[in-house]
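Residue numbers (my numbering): 46 to 334. C-beta: ideal position from N, C-alpha, C; glycine also. The model shown is predicted, which means the values in this text are computed figures rather than measured ones.
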């Protein structure tokens, strides 16, 4: 049986799995900042995952299948994720940075079909493996080994995950405090950075320590203005999501346990869909055995 979101949240190791995945996402940003920014906010995450899913579902015998501007616009606007103009600007960005290219022979055809370039395939495979690795931490499974041995599985797994997430309002619309970050430019990257550094050994019932955060360096790293980052932190602090204590004359950032719990419950929705896709498509023995 696939793991449910409730199963994941109830597992005391889940926060460790979240920290592992956040660290991997932070590492992906360090390797390719511009590509990683495609997952930097909830809107861009949904755009990117949906576009890739459509590309993977392309049927050469069906000219209107696959990733086209019309199909991506229809999927995204029907769920009120972004406007038509935002979708078209997003596609232009992907073409400009060579994250997608026209499918062979599609340059003069309508509708034009796009397909991910090799760098995009590698990045999405890395994202999938990171999620599977986090799940393996929970039960000692072998999901990563199985998918690395059968990389073609991404063509069926990723669309199942992406479209389930897009259609699920609980994932598509994060809870209030999570949405404060996720619907903000680079907010997803910022949360990944903070979660990757949380101290799991602390015993404070109200807070989880992150450590010293240099806002100037972090803003420069994520290619956003320091003012933007400070405003985001200020709003999060006003809502009790984060705060600072001064230790040894240095401000130490903490996250409230209620925020971490809310974030965990939201992330569990996606991880449940990842586990479901693995078990449905791999069709092997239970990965926990």
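Worksheet item: Expressed to the nearest angstrom, what Euclidean distance is found between the alpha-carbon atoms of residue 66 and residue 241?
Response: Within the chain shown, residue 66 is the residue found at index 21, counting from 1. Within the chain shown, residue 241 is the residue found at index 196, counting from 1. So the two alpha carbons sit approximately 8 Å from each other.
Practice prompt. Give the C-beta separation of residue 325 and residue 205 to the nearest angstrom, bearing in mind that I take them to be a contact with Cβ-Cβ under 8 Å.
Written response: What you label residue 325 is simply residue 280 of the chain shown in a count that begins at 1. What you label residue 205 is simply residue 160 of the chain shown in a count that begins at 1. Sure, about 7 Å apart at Cβ, within 8 Å.
Fill in: Residue range of the alpha helix (DSSP H) that includes residue 118
Within the chain shown, numbered from 1, the residue matching residue 118 stands at position 73. Run containing residue 118: 114-123, per the alpha helix (DSSP H) assignment.
Worksheet entry | Bridge partners - residue 295, DSSP secondary structure assignment | Numbered from 1 along the chain shown, position 250 holds the residue referred to as residue 295. DSSP lists 292 as partners of residue 295.
Worksheet item: Can you round the beta-carbon distance between residue 187 and residue 181 to whole angstroms, since I take them to be within the 8 Å contact cut?
Response: Mapped onto the chain shown, residue 187 falls at position 142. Mapped onto the chain shown, residue 181 falls at position 136. Residue 187 to residue 181, Cβ: 7 Å. Contact.
Worksheet item: Can you tell which of 64, 81, 244 has its C-alpha closest to the C-alpha of residue 308?
Response: Walking along the chain shown from the start, residue 308 turns up at place 263. For the residues 64, 81, 244, the minimum Cα distance to residue 308 belongs to 64.
Item to complete: Using three-state DSSP, classify residue 102 as helix, strand or coil.
Response: Residue mapping note: residue 102 aligns to position 57 of the chain shown, counting from 1. The answer is coil: DSSP assigns residue 102 none of H, G, I, E or B.
Worksheet item: Among 72, 93, 295, which residue has its Cα nearest to the Cα of residue 127?
Response: Within the chain shown, residue 127 is the residue found at index 82, counting from 1. That would be 93, whose Cα lies nearest to the Cα of residue 127.
Practice prompt. Compute the distance between the beta-carbons of residue 111 and residue 158, then report whether it is under 7 Å.
Written response: In the chain shown, residue 111 corresponds to position 66, counting from 1. In the chain shown, residue 158 corresponds to position 113, counting from 1. Result yes, Cβ atoms of residue 111 and residue 158 sit closer than 7 Å.
Practice prompt. Give me whichever residues DSSP pairs with residue 158 in a beta bridge.
Written response: Sequence index remark: in the chain shown, residue 158 carries index 113 (1-based). Paired residues: 113.
Worksheet entry | Cβ-based neighbour list, residue 56, same chain, cut-off 7 Å, excluding 5 preceding and 5 following | Residue mapping note: residue 56 aligns to position 11 of the chain shown, counting from 1. If we look at residue 56 and ignore the five residues flanking it on each side, its Cβ neighbours are 183.
Discussion item. Rounded to whole angstroms, what is the Cα-Cα separation between residue 62 and residue 178?
Written reply: One-based indexing of the chain shown puts residue 62 at position 17. One-based indexing of the chain shown puts residue 178 at position 133. In a straight line, the C-alpha of residue 62 is about 8 Å away from that of residue 178.
Item to complete: State the DSSP-derived secondary structure class of residue 262, mapped to helix, strand or coil.
Response: By 1-based counting over the chain shown, the position of residue 262 is 217. Of the three classes helix, strand and coil, the one that applies to residue 262 here is helix, per DSSP.
Discussion item. DSSP three-state label for residue 186, please.
Written reply: Working through the chain shown from its first residue, we reach residue 186 at position 141. It is coil, neither helix nor strand.
Worksheet item: From residue 91 to residue 289, what distance separates their C-alpha atoms?
Response: As a first step, residue 91 is located in the chain shown; it is residue number 46 there, counting from the start. As a first step, residue 289 is located in the chain shown; it is residue number 244 there, counting from the start. Taking the straight line joining both Cα atoms gives about 32 Å.
Fill in: Buried versus exposed, by CB contacts within 10 Å (16 or more), residue 223
Mapped onto the chain shown, residue 223 falls at position 178. Buried is the call here.
Worksheet item: To the nearest angstrom, how far is it from the Cα of residue 333 to the Cα of residue 185?
Response: Within the chain shown, numbered from 1, the residue matching residue 333 stands at position 288. Within the chain shown, numbered from 1, the residue matching residue 185 stands at position 140. A caution first: residue 333 carries a pLDDT of 41, below 50, which makes its placement in the model unreliable, though a value can still be read off. The alpha-carbon atoms of residue 333 and residue 185 are separated by roughly 6 Å.
Discussion item. I'd like to know whether the C-beta atoms of residue 50 and residue 207 end up nearer to each other than 7 Å.
Written reply: For the purposes of this step, residue 50 is identified with residue 5 of the chain shown, where counting begins at 1. For the purposes of this step, residue 207 is identified with residue 162 of the chain shown, where counting begins at 1. Not in contact: residue 50 and residue 207 (Cβ atoms no closer than 7 Å).
Fill in: Contact under 7 Å by Cβ, residue 271 with residue 282
Here residue 271 is taken as the residue at index 226 of the chain shown, counted from 1. Here residue 282 is taken as the residue at index 237 of the chain shown, counted from 1. The answer is no: Cβ separation not under 7 Å.
Worksheet item: With a CB to CB cut of under 7 Å and the five nearest residues on each side skipped, what residues in its chain are close to residue 320?
Response: Translated into the one-based positions of the chain shown, residue 320 becomes position 275. Here the set comprises 47, 48, 180.
Worksheet item: Any chance the stretch 73-85 sits against the stretch 245-254, with 3 or more Cβ pairs inside 8 Å?
Response: no
Worksheet item: Pick from 161, 219, 168: whose alpha carbon is nearest that of residue 100?
Response: The sequence position of residue 100 within the chain shown is 55, counting from 1. Residue 100 has its Cα closest to that of 161, out of 161, 219, 168.
Worksheet item: In angstroms, rounded to a whole number, what distance separates the CA positions of residue 214 and residue 310?
Response: Locating residue 214 in the chain shown gives position 169, counting from the first residue. Locating residue 310 in the chain shown gives position 265, counting from the first residue. Spanning the two alpha carbons is a distance of roughly 14 Å.
Worksheet item: Would you call residue 277 buried or exposed, if buried means 16 or more other Cβ atoms sit within 10 Å of its Cβ?
Response: Counting from one through the chain shown, the residue named residue 277 turns up at place 232. Residue 277 is buried by the Cβ-count criterion.
Worksheet item: How is the alpha helix (DSSP H) around residue 143 delimited, first residue to last?
Response: Locating residue 143 in the chain shown gives position 98, counting from the first residue. It is not in any alpha helix (DSSP H) - residue 143 carries neither H nor E in the DSSP assignment.
Practice prompt. Taking residue 280 and residue 225 to be in contact with their CB atoms under 8 Å, please state how far apart those CB atoms are, rounded to whole angstroms.
Written response: Locating residue 280 in the chain shown gives position 235, counting from the first residue. Locating residue 225 in the chain shown gives position 180, counting from the first residue. Confirmed, about 6 Å.
Fill in: Chain-order list of residues whose beta-carbon lies under 8 Å from that of residue 230 (same chain, five-residue window excluded)
As a working note, residue 230 is residue 185 in the chain shown. Excluding positions up to five away in sequence, the list reads 85, 86, 269, 273.
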